[in-house]
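A short write-up of the structure that comes next.
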Amino acid sequence: MSARLLRQFATVLLLVAVQLAHAELGVTATSDESGYVRGRTNTFTFRLELFSNVFELADNIHFAFPPGVTVSAARYVNEGFTNCPDALLLVLGMGTSDGGWFNPGHPSGCGRFDSSADGTAHVFSIDADVPATYVGDLPVDVIVEGDECCDPPPHGGTVTLTLPDTASRATWNFDEVVAPALSAGWQSSVVDGGVPWITTRAGADTRPNDARTTAPDVRGESILVSAPVAVAAAGGELRFRHRYATEEGRDGAVLEISIDGGAFEDIVAAGGAFRAGGYDGHIDDACAGTDANPLAGRDAWTGLQATYGTVAVTLPTAAAGHLAQFRWRVGTDCTGTVPAPNGWWLDGVVVGPSAPAGAAGPDALSASLEAGAHRSDVLSIGNVGGGSLDYTVTTASTDCAAPSDVSWLGAAASGTVGGGEHVDLPLRIDASALAAGTYSAFVCVAMSDAATLAMPVDLDVKDATCAFADRILANGFDDGLIGECGTSVRTFTRRDAFLFQTADGFAEDHYTGLRTGRLTGPIEFGNGVFDYSVFTVDGEINSLFLVGGTGVLSGTVPGNHVAVTFAGTPVTAFGGNFFGTEFTTHTAPATTMVVNFDDGRSDTFTTGRDAFRGYVTTTPIHAVSFVAPDQTPEGDLLDAVIDNVIAGRSR
Amino acid sequence: MRSHSVSRSTTRKPRALALFVATCCAYATASPAPHGSGGTTQVFTDRAAFMAALDGARFENKFTDVSPGASGGLRYAQSGFEYLVFTQFQASSALYNGRNSVSTDRATDEVVLTLTSDTPVNAIGGNFWSTDFAQRPVAGTITVTLSDGTIEAIDSTGPSNFIGFIAPEPIFGVTVDAPDNADAPPGTSGDRWPTMTNVVVGNGS
Chain A
208 MSARLLRQFA TVLLLVAVQL AHAELGVTAT SDESGYVRGR TNTFTFRLEL FSNVFELADN
268 IHFAFPPGVT VSAARYVNEG FTNCPDALLL VLGMGTSDGG WFNPGHPSGC GRFDSSADGT
328 AHVFSIDADV PATYVGDLPV DVIVEGDECC DPPPHGGTVT LTLPDTASRA TWNFDEVVAP
388 ALSAGWQSSV VDGGVPWITT RAGADTRPND ARTTAPDVRG ESILVSAPVA VAAAGGELRF
448 RHRYATEEGR DGAVLEISID GGAFEDIVAA GGAFRAGGYD GHIDDACAGT DANPLAGRDA
508 WTGLQATYGT VAVTLPTAAA GHLAQFRWRV GTDCTGTVPA PNGWWLDGVV VGPSAPAGAA
568 GPDALSASLE AGAHRSDVLS IGNVGGGSLD YTVTTASTDC AAPSDVSWLG AAASGTVGGG
628 EHVDLPLRID ASALAAGTYS AFVCVAMSDA ATLAMPVDLD VKDATCAFAD RILANGFDDG
688 LIGECGTSVR TFTRRDAFLF QTADGFAEDH YTGLRTGRLT GPIEFGNGVF DYSVFTVDGE
748 INSLFLVGGT GVLSGTVPGN HVAVTFAGTP VTAFGGNFFG TEFTTHTAPA TTMVVNFDDG
808 RSDTFTTGRD AFRGYVTTTP IHAVSFVAPD QTPEGDLLDA VIDNVIAGRS R
Chain B
639 MRSHSVSRST TRKPRALALF VATCCAYATA SPAPHGSGGT TQVFTDRAAF MAALDGARFE
699 NKFTDVSPGA SGGLRYAQSG FEYLVFTQFQ ASSALYNGRN SVSTDRATDE VVLTLTSDTP
759 VNAIGGNFWS TDFAQRPVAG TITVTLSDGT IEAIDSTGPS NFIGFIAPEP IFGVTVDAPD
819 NADAPPGTSG DRWPTMTNVV VGNGS
């Protein structure tokens, strides 16, 4: 008897035996996560239970997010029982706001997700890309559609899970819209002769768009109001980039805040404090009555600031843990205006925590120098939070707990980094007094947010002399050495620190919604400048196998290598998420990953799904391969996978 | 009547009608209607000639409604014609569409167009070509098999490749396949995906 007939037989028996029981398919759902983070991929674990006294199966289970939030991966963690062996189960909707599993036989075919009277558990791991511009709580509709095998209805249902806003950093560059539209939730209004705010492509700080208004020669007011955004309970900071051209002292601009929908008031009067780029003037009362500037008598930005500058303001204490809206107001009066282009340009609006958060890298530096040579590498220290981050850089021979001078390593520095900024510090490696051999030391970074970095520096001094006079020509111009007789590899575990040292224009691939299945030849990615192909290494049996919904590139056979071969512009900055997955459950346990480079170098490290690994090199990377060689404690073999790959050149 | 700008071959392979029905029966079947009076199936590789040979109503579909990426079956109905586009019975996966075109998710699968309406159809045509992983046109063979067993195979050169059939008997559908290219240059992939657009169904003489 086939499984389907068996189920139908059981269904009949149950209908007879428990006629009054609930025959419909029901669902409950919970989330392991208690919130979401803007501007990144969030991995949510959704636990569903399907209930049905007649064992009605679910054809489709999918997850609908608000517009703008996209599902980038959908993994069914506990591949369960199905009695529908000949029905396709498709993962659809990747890259859209509604994605999940669909049985195309619906409603006539049999379903794929089983149920029971006591509830059958199904666990799903869903990646959702939440834009940096998204505000508010995040509702997720968990939609279950039964195979309609048996009456009575309903055959499934929808459960809405709401993931709270955790007041993570929100960013508006206005680049997600088509000019002249404003970002979602933002509003423009005018009073009298004011000019509406729009987005334009002409004068952006970060291309393509900015938001701007012009300054008319009559009394008026041009008002831009942000979407309401949650402020961190520990305090928040607003930053933005702006420039302006107004009639000094007569026309000008101010920033105001509303807390929890209350009245707007000037950001300073409300208790905020400019950390950088505060008001630079005062608006006079030059015109009387109805011709007067609506902002007359107030401190403001006025006059000319021809290039973009940063404004950073610590938000009022009263805003902490509450919703805030911001209002940018330009006021003009009757006395005329400055020549066009005039007005106010706005870009790069960030609302985030006011506490500093350090991000330093590389995590490791490996250098090779010819005897007598020296070279400079780079240490980046960034503040990805708010406020000011103080840092101190020292060196140590063996342990950062005991700093000491290292004769061949120059790195000592100290300073301050503002929120959203980073500094690049020189690391001077001098082999002029060193004999051939290997040397090691540490660069030690202490930051005021209590974060530290102990960066091992390994130096290999070659038994050769950097004696040629024409170092530049000998260098060939293409590897970044420019006259220095040596090479280096900087290894990063932080994506943000890696990007500090990666030049703009890099290729970035997330592998969302690709075709699936076994591939017998290489596939190509890149941005037309930094291009690469992905396959297995020569001589290995089998090939790539892309599992629907997982949004990664992976091999067919555990133990095989995933190989990346670069073409086009030489790549000197390469990174991504490199890890191992178990084929059936798509889980990514902590495991060892080995990365082999075409020049013979190798990097072995422990990794997981969210672990980043990046490399900035002085010589081009031509090819690299990945393998996860270890078994799990349960004896499962893992496929090497790569995701979120960046390929570019060092800054 | 035919374009000879591409290498092509036409064969007629006996196929049990039941077999073809089996490929489509998960959804519906077309009701055969008396039409035609014997003879051979005409094969066209010139779209203009094919269109000129049609009589009466026809349904042209440029698939402007499809979203790029994976999708389930696509159902269309217009002018009394109805059909389903999906992969073959017991396929590995479903469709994977481009902008204004339909293709398969898996390289090993076929695109199957199954007529599901009562309106008799004896003419069907469209643009068929092979694509690579990134949905770029790529050299290969494209094979279109009519429900009566007529097989038309051409060297795919791109989206302008047209293949049309006018059969003496009612048509139940077509199957589009892009066999892997065993002669792909070293370092390149031989995987090929069947892709189609500008499908026309109707009747011709």
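Protein chains in written order, with our numbering: chain A, 208 to 858; chain B, 639 to 843.
Heads up, the beta-carbon is just placed ideally off N, CA and C, and yes, glycines get one too.
C-beta neighbour in chain A for ALA656(B), strict 8 Å = Because the pLDDT at ALA656(B) is just 31, under 50, the model does not fix this residue reliably, and the value given afterwards should be weighed accordingly. Chain A, which has no Cβ nearer than 8 Å to the Cβ of ALA656(B), makes this no.
Are there three or more Cβ pairs, one per stretch, closer than 8 Å when the segment 400-415 of chain A is compared with the segment 537-556 of chain A?
-> yes
Beta strand (DSSP E) segments (min. 3 residues) lying fully within the segment 296-351 of chain A | 297-299, 305-309, 327-337
Quick one: what's LYS669(A) bridged to in DSSP?
-> The partner list for LYS669(A) (beta bridge, DSSP) reads GLU577(A).
Any contact of the segment 490-501 of chain A with the segment 557-564 of chain A, i.e. 3+ C-beta pairs under 8 Å?
-> no
Could you tell me if PRO546(A) is buried or exposed, where buried requires 16 or more neighbouring beta carbons within 10 angstroms of its beta carbon?
-> exposed
Got a sec, what are the start and stop residues for the alpha helix (DSSP H) PHE688(B) sits in?
-> 685-690
Put ARG856(A) into one of helix, strand or coil per three-state DSSP.
-> Assignment of ARG856(A) by DSSP, reduced to helix, strand and coil, places it in the coil class.
ASP817(A) and SER761(A): beta carbons closer than 8 Å?
-> Contact flag unset, no.
Please look up how many angstroms separate the CB atoms of ARG696(B) and VAL839(B), rounded, as I've assumed it's under 8 Å.
-> 7 Å
Can you grab the Cα-Cα spacing for the pair GLY828(B) / ARG725(A), in whole Å?
-> GLY828(B) and ARG725(A): Cα-Cα distance of roughly 12 Å.
Measuring alpha carbon to alpha carbon, tell me which of ARG254(A), ALA452(A), GLU841(A), ARG820(A) ends up nearest THR514(A).
-> Of all alpha-carbon atoms in ARG254(A), ALA452(A), GLU841(A), ARG820(A), the one lying nearest the alpha-carbon of THR514(A) is that of ALA452(A).
Going by the CB atoms, is the gap between MET834(B) and VAL681(B) shorter than 8 Å?
-> no
Check whether the Cβ atoms of ASP491(A) and GLY456(A) sit closer than 8 Å, and answer yes or no.
-> yes
Using a Cβ-Cβ cut-off of 8 Å, state whether LEU299(A) counts as contacting chain B.
-> Yes - at least one Cβ of chain B is within 8 Å of the one on LEU299(A).
Does DSSP put ARG702(A) in a helix, a strand or coil?
-> ARG702(A) falls in the helix class under three-state DSSP.
Give the DSSP-derived three-state secondary structure of ALA732(B) in the structure shown.
-> coil
Helix, strand or coil: which one does DSSP assign to PHE707(A)?
-> Helix, per DSSP.
Excluding sequence positions up to five away, which residues of its chain have a Cβ less than 6 Å from the Cβ of GLY778(B)?
-> Hits under 6 Å: SER768, SER794, ALA816, ASN819, ARG830.
Can you pull the chain B residues whose beta carbon is under 7 Å from the beta carbon of PHE309(A), in chain order?
-> The CB of PHE309(A) comes closer than 7 Å to the CB of GLY710 in chain B, given here in chain order.
Inside the segment 738-786 of chain A only - beta strand (DSSP E) runs reaching at least 3 residues | For the segment 738-786 of chain A, whole beta strand (DSSP E) runs of length 3 or above, ordered along the chain, are 751-753, 769-775.
Cα-Cα, which of THR645(A), VAL398(A), THR602(A), ARG536(A) is closest to PRO633(A)?
-> The shortest C-alpha separation from PRO633(A) is found at THR602(A).
Segment limits, beta strand (DSSP E) that includes ASN267(A) | 265-271
Check distances from the C-beta atoms of the segment 714-735 of chain A to those of chain B and list, in chain order, the residues that come in under 7 Å.
-> Flagged, chain order: GLY720, ARG722, THR723, GLY724, LEU726, THR727, GLY728, PRO729, ILE730, GLU731.
For TYR718(A), collect the residues of the same chain with a Cβ closer than 7 Å to its Cβ; drop the 5 residues on either side in sequence, then sort them by chain order.
-> So the qualifying residues of the chain are GLY758, VAL759, LEU760, ASP850.
At what residue ranges does the segment 761-819 of chain B contain a whole run of the beta strand (DSSP E), taking only runs of 3 or more?
-> Entirely contained in the segment 761-819 of chain B, the beta strand (DSSP E) runs reaching 3 residues are, in chain order, 761-769, 778-784, 788-794, 800-804, 811-815.
List the residues of chain B whose Cβ lies closer than 7 Å to the Cβ of LEU706(A), in chain order.
-> The premise fails here: LEU706(A) is roughly 26 Å from chain B at the closest Cβ pair, so nothing lies under 7 Å.
Is the beta carbon of ASN749(A) sitting closer than 8 Å to the one on THR772(A)?
-> no
Kindly indicate if chain A contains any beta-carbon less than 8 Å away from that of MET834(B).
-> no
Return the residue from the list VAL244(A), VAL351(A), ASN249(A) that minimises the CA-CA distance to GLY233(A).
-> VAL351(A)
Taking all protein chains shown into account, decide if VAL385(A) is buried (16 or more other Cβ within 10 angstroms of its Cβ) or exposed.
-> exposed
Proximal chain B residues relative to LEU295(A), where beta-carbon distance stays under 9 Å | GLY710, THR725, GLN728, ALA729, SER730, SER731, ALA732
When the cut-off is 8 Å and only beta carbons count, does GLY593(A) lie next to chain B?
-> no
Could you work out which residues of chain A lie near THR826(B), taking near to mean beta carbons separated by less than 8 Å?
-> GLY728, PRO729
Looking only at its own chain, which residues have a Cβ that is under 6 Å from the Cβ of GLU454(A), when we skip the five neighbours before and after it?
-> Excluding its 5 nearest sequence neighbours in each direction, GLU454(A) has C-beta neighbours in its own chain below 6 Å: THR544, VAL545, listed in chain order.
Return yes when the Cβ of THR698(A) is within less than 8 Å of the Cβ of ASP810(A), no when it is not.
-> yes
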